[in-house]
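Take a look at the structure set out below.
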Amino acid sequence: MNKQVSAPREKVIFEHSRPGRTATAQFPAAADGVDDLPKHLLRGEAPRLPEVSELQAVRHFTRLSQLNFSIDTHFYPLGSCTMKYNPKACNSFAMLPEFLSRHPLAPESHGQGFLACMFELQEMLKEVTGMQGVSLTPMAGAQGELAGVAMIMAYHKARNDLARNEIIVPEAAHGTNPATATMCGCRLREIPCGPDGDVDVDALRAAVGPNTAGIMLTNPSTLGVFERKIVEVARVVHEAGGLLYYDGANLNAILGKVRPGDMGFDVIHMNLHKTFSTPHGGGGPGSGAVGVGKRLLPFMPVPVVGRDGESYRWVTEKELPQSIGRLSGFMGNAGVLLRAYVYMRMLGREGMQRVAEYAALNANYMMARLKKAGFDPAYPDRRASHEFILTLKRQAKEQGVTAMDFAKRLLDYGFHAPTTYFPLLVPECLLIEPTETESLEELDGFIDAMIAILEEARSEPETVRTAPHTLPVRRLDDVRAAKQLDLTWKESA
Amino acid sequence: MPFNPHTESDVRAMLDAIGVRSIDQLFEEIPASLRVKSLAGVPEALNEMDVGRIMHERAERDGRPLNFIGAGAYEHHIPAAVWAITTRGEFYSAYTPYQAEASQGTLQMIYEWQTMMAALTGMEVSNASLYDGASGLAEACLMAVRANRKSKSSRILLPKTVDPTCRKVVRSIAGMQGFTFDELPYDAESGVTRMDSLARYEGQDITAIVVQQPNFFGSLEEVDELTQWARSRGALVIAMVNPTSLALLKPPGQWGQRGVDIVCGEAQPLGVPLSSGGPYVGFMTTRMEHVRQMPGRIVGRTVDMDGKPGFTLTLQAREQHIRRGKATSNICTNQGLLMTAATIYLTLLGPEGLGRVARASHARTRQLVDVLCRIPGVRRRFTQPFFHEAALALDRSVAGVLKELTARNIIGGLDLSGDYPELGETLLVCATETKTPADIETYARALREVVTAARAA
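Chains A and B are the protein sequences, given in the same order. As numbered in the numbering used here, residues 5 to 497 make up the first sequence, in order. As numbered in the numbering used here, residues -1 to 455 make up the second sequence, in order.
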């Protein structure tokens, strides 16, 4: 695999550009009537944008697309990201021309169809999470987190319980959790996990007190295991006067099996781009709808969609004066929400439960087979949730081949790498999440590749250490990227 | 099962390999008392055809009225190639380019976007995008407080001419960290920020000022004066701009003598459909000196082990997955797919095409304003020149007029009385290159009828 001829690199679009070259079919007719704009506010020189033909543009961007791994082209077991199939119908129906052309400030009378979808989506999300209210406005998981913690803070403030400014976060949490707590003006208190992956309840007891605003938890945790003591955790936090926040990153693992509301959570965010199969889009758009229990209903971000009889309308600050406010220019990622709605209608009640079942089946199958093949699961005595962790500490020590080397070599075998080096507490880890939409053959192909790489690590470790060998580029110099910043294309470069 | 490939024999083989009897056994660690009994509130599954029927019916119910609202979301023609490419699975179903070698397409796309946005705004560096324009402004305020190390006040001047929803979003997102936001009044005649309102801040510690160009009323602010005032007093300048306008208007990098510090805005006008408000795409550019304070992903060009050029995420030490509680923001995703659409849009339009869109949009709006102002009881509300959006004063209830127009399948503009009660009956209108002279005539005729009927009654 070492000596392959690779195609020449795709030029930067500006290298295709020639002065005066245009794709005029896209242009509106030339217009006069801009003589009223004051001279001192005008631009001197036209902006330096590419000047190419339509075919050049189409070919360039199509070629760029071919340099990507994606769910449509590759198995993509990126742990904690739930890279499941994005059904094509979700995209097609969200892109019906009437939906696309609807202005966000158009009157409700010209949005009843759209609003009906949003209202029903709220209702379905309430049902599957066991919450009392849902607001769809947060535009990504991290914004859902922000909304969640902001609601917790608003709740304490409304009760004049002003000392509560500490957010407890287990050390295995996603980086967004502590970052969110900081953005909400909270102090952070980290607590450890026990050797079995569950939260250390004694440490939690010691951490809670009159300053506790709440705890942020993911369940199953980022360690890929279900938090078995969740009922006790909820009791400890509630008795101390704090609230429980559920990070929905791993909701796919329990969809239709157990609901955050029933576990005792007061507020949750859902990553619709994970559990409800909206596209990841090369890094967004996400969608981070939030669900709340009764206590937090008055604080939901606006707008939400309400129903009077047969007609739907926006519920705004006027009706929710204690709302934490607005998080987006309009109502969040409406088109993403339509995709989630279509997905949920196609899954239906039973399909919803099968999501968790087959996600768990795939993860546990892979873990069992990889363990048998000589890999070390981080929590071998636990059931995997929808994902699991391998630690390659032993391989790193014995063969000098790291988790990163495995990840890069997997690319050569035609598989996107699992998440690497997260969670931070497990050394040399791969976090593997196959999702329910992958077939047994695909899982076996991945397992075979892992076994082959393990063998390579013994017989030809240099091949693994210098992988990938078959992609448009080999390992990139990240240090140079950060030191000699080249963030925009320049003529001379 | 709609999207699961497992056959019965697959399931049996997999359960055997795991060493369990049933799938249910995989959930044995969940306390039995917590297990879901039923999901009665979720309807039964539908197939694609039946869901399609529902969606088509609902879409048709919403229809396609003739729209004259802008107010932060603008209807422009989108070249067919934009979404034909954007929805390719390789872009649509990929994720954040953590594995750079397997994501060069997305990474190079972001690098090209960064280059285009820096050029358009006249700044040195850009990030990979933010959720939308409103949350982008909130992030810009947070960034300004980090970047202006000399200022201790965390006090930001936020003119009332800045989009009111964006101001609300700024308070929701950035307000939790104890910042102060002071509103600056506007001149009731001209519709732009009053320079004399700055006098009371003389000698005070101001962290930053926000300037929206064109402002929410469509009016053109005196950006050079505002920028000079702020910069000579140690305050940073945050420009919030409409990217289409930058084909004609002075880029923020050239405002005043040295330009602004941070530029942000909504890139929806660049190839992203209105779609009820999202997903849109926020952009942010800045000076190189502030790059380490910028939130969001940033892509850099570097070389691989063989010295071949390639692209990678860079300056990640700013971000939440590394710095956790000390990160510049909690942002994780950006709006990759919409950034893709906008990059393709800018490429197809180029400098000439974008200029034509800006000129045609402005010319159409002027035409609209001229025609509507010939109707008795309708006049321009402000005197300052505008760009492709303008406020009109009516001598009757705007809400009532809009309702009548809606019944005629025309969305006549935005009623400003909610956010600006002091303006009285004021209507914000916008036409873009998508509106033909016939569309404008249709609107004018309908408005004349509504006004005349009301007068006769």
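Glycine is no exception: its CB is placed at the ideal position from the N, C-alpha and C atoms.
B:Ala69 is the residue among B:Ala69, B:Arg56, B:Gly61 and B:Asp14 whose C-alpha sits nearest the C-alpha of Phe385 (chain B). Judged by beta-carbon spacing, Asn72 (chain A) lies within the 8 angstroms limit of Phe89 (chain B), meaning their Cβ atoms are closer than that value. Per DSSP, the unbroken alpha helix (DSSP H) holding Ile52 (chain B) starts and ends at Glu46 to Asp60. Val190 (chain B) and Thr424 (chain B) have their C-alpha atoms roughly 16 angstroms apart. Under the three-state reduction of DSSP, Trp493 (chain A) is assigned to coil, being neither helix nor strand. A Cβ-Cβ separation of about 7 angstroms places Arg33 (chain B) in contact with Lys261 (chain A) under the 8 angstroms criterion.
For Asn213 (chain B), no chain A residue has a C-beta closer than 8 angstroms to its own C-beta; the minimum C-beta separation is roughly 12 angstroms. Shortest Cα-Cα distance from Ala116 (chain B) to any of B:Leu336, B:Thr341 and B:Ala15 involves B:Thr341.
Contact between Tyr425 (chain A) and Ala407 (chain A) holds: their C-beta atoms lie close to 7 angstroms from each other, under 8 angstroms. Collapsing the DSSP output to three states places Glu175 (chain A) in coil. For Asp304 (chain B), the C-beta contacts it makes with chain A under 7 angstroms involve Arg478, in order along the chain. Among the residues of chain B, those whose CB is under 8 angstroms from the CB of His114 (chain A) are Asp60, Gly61, Pro63, Thr404 and Ile409, following chain order. Secondary structure at Tyr199 (chain B): helix, using DSSP grouped into helix, strand and coil. Between Asp161 (chain B) and Phe214 (chain B), the C-beta gap is smaller than 8 angstroms, which places the two residues in contact.
Partner residues in the beta bridge of Pro381 (chain A), as assigned by DSSP, are A:Leu394. Under the DSSP assignment, Pro157 (chain B) falls in the beta strand (DSSP E) whose first and last residues are Arg153 to Pro157. Selection A:Ala177, A:Met128, A:Arg232 and A:Pro325 evaluated against Glu26 (chain B) yields A:Arg232 as nearest (Cα-Cα).
Under the Cβ criterion of 8 angstroms, Phe123 (chain A) is not counted among the residues facing chain B.
The stretch 129 to 147 of chain B makes contact with the stretch 327 to 341 of chain A; the number of CB pairs closer than 8 angstroms reaches 3 or more. Fully contained in the stretch 98 to 146 of chain A are the following beta strand (DSSP E) runs of length 3 or more, in chain order: 137 to 139. Listed as beta-bridge partners of Glu431 (chain B) by DSSP are no residues whatsoever. Closest in C-alpha terms to Arg311 (chain A), from the list A:Leu125, A:Pro12 and A:Ala27, comes A:Leu125.
Close partners of Asn368 (chain A) in chain B (Cβ separation under 7 angstroms): Ile16 and Leu24.
Excluding five sequence positions before and after Gly134 (chain A), the CB atoms of its chain that fall closer than 7 angstroms to its own CB belong to Arg263, Pro264, Gly265 and Asp266, given in chain order. The C-beta of Gln112 (chain B) comes closer than 8 angstroms to at least one C-beta of chain A. When Cβ-Cβ separations below 8 angstroms define contact, Tyr278 (chain B) makes contact with chain A. Residue range Val205 to Ala211 is occupied by the alpha helix (DSSP H) that includes Leu208 (chain A), with no beta strand (DSSP E) assigned at that position. Ile320 (chain B) counts as exposed, since fewer than 16 other beta carbons sit within 10 angstroms of its beta carbon.
Asp482 (chain A): not part of any beta strand (DSSP E); member of the alpha helix (DSSP H) spanning Asp482 to Lys487, first to last residue.
Think of a sphere of 8 angstroms around the beta carbon of Gln106 (chain B): the chain A residues whose beta carbon falls inside it are Glu14, Val16, Leu68 and Leu71, in chain order.
Glu187 (chain B) counts as exposed, since fewer than 16 other beta carbons sit within 10 angstroms of its beta carbon.
Pro305 (chain A) and Ala151 (chain A) have their C-alpha atoms spaced approximately 7 angstroms apart.
One finds Ala35, Gly37, Val38, Asp40 and Leu41 in chain A with Cβ atoms closer than 9 angstroms to the Cβ of His360 (chain B), taken in chain order. Judged by DSSP secondary structure, Phe179 (chain B) falls within the beta strand (DSSP E) whose first and last residues are Thr178 to Leu182.
Following the DSSP letters along the chain, one finds Gly353 (chain B) inside the alpha helix (DSSP H) bounded by residues Gly334 to Leu370.
Shortest Cα-Cα distance from His64 (chain A) to any of A:Tyr249, A:Ile17 and A:Leu41 involves A:Ile17.
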